[in-house]
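Numbering (the working numbering), first residue to last: 27 to 182.
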């Protein structure tokens, strides 16, 4: 369960550093501590209306990605992606695309989630290549939020 909205630390993404790191415009003076999780949100919230009455019911904020604070200064925080997934990069026809790969052994690797829209691109990242944009809003989350890859948070 998430913390109450009044307890959440909110702010904006100040800078995109690399394909895994970004700077948040909040730090120690705002209550941020190393190891805290933050949901980076789509700035466009979606209003939800009752399909029967047309009454506004509330809305959702779409979660783009969740990051963890790795270094905290007084007014800024360096946060990075942390989720990993196991991916088969060989065997069963998933390797180089050659027919021989179909019969090769599976080869599993751990990949860390990145901010990059194109994961095969090089490490430096430009604004048009990132899932997250400078100025995107964020809110603090919990460890349970971090392990839940939900796509939205509900607001009223």
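Don't be surprised by glycine CBs; every beta carbon is placed ideally from N, CA and C.
I need the DSSP call for residue i, collapsed to helix, strand or coil.
i: residue 137; result: strand
i: residue 44; result: coil
i: residue 167; result: strand
i: residue 155; result: helix
i: residue 71; result: coil
i: residue 55; result: helix
i: residue 172; result: helix
Thinking C-alpha only, which one of the options is nearest residue i?
i: residue 85; options: 92, 91, 76, 93; result: 76
i: residue 138; options: 153, 112, 157, 154; result: 112
i: residue 100; options: 56, 73, 62; result: 56
i: residue 74; options: 42, 64, 88; result: 88
i: residue 140; options: 170, 105, 131, 169; result: 105
i: residue 156; options: 46, 53, 69, 58; result: 46
i: residue 68; options: 172, 37, 168, 152; result: 37
i: residue 53; options: 173, 174, 164; result: 164
i: residue 110; options: 116, 81, 174; result: 174
Quick one: is residue i buried, meaning 16 or more other Cβ sit within 10 Å of its Cβ, or exposed?
i: residue 83; result: exposed
i: residue 90; result: buried
i: residue 154; result: exposed
i: residue 135; result: exposed
i: residue 158; result: buried
i: residue 33; result: exposed
i: residue 161; result: exposed
i: residue 103; result: buried
i: residue 65; result: buried
i: residue 92; result: buried
i: residue 78; result: exposed
Starting from the C-beta of residue i, find all residues in its chain whose C-beta is less than 8 Å away, skip the five residues before and the five after it, and write them out in chain order.
i: residue 60; result: 95, 96, 97, 98
i: residue 114; result: 120, 132, 133, 134
Need the endpoints of the beta strand (DSSP E) that residue i sits in, please.
i: residue 90; result: 82-98
i: residue 79; result: Per DSSP, residue 79 belongs to no beta strand (DSSP E) and is neither H nor E.
i: residue 113; result: 110-114
i: residue 132; result: No beta strand (DSSP E) holds residue 132; DSSP gives it neither H nor E.
i: residue 103; result: 103-106
Can you name, in chain order, every residue of its own chain whose Cβ lies under 6 Å from the Cβ of residue i, other than the five neighbours on each side?
i: residue 108; result: 94
In chain order, what residues of the same chain have a beta carbon less than 7 Å from the beta carbon of residue i, not counting five sequence neighbours either side?
i: residue 167; result: 28, 63, 64, 65, 92
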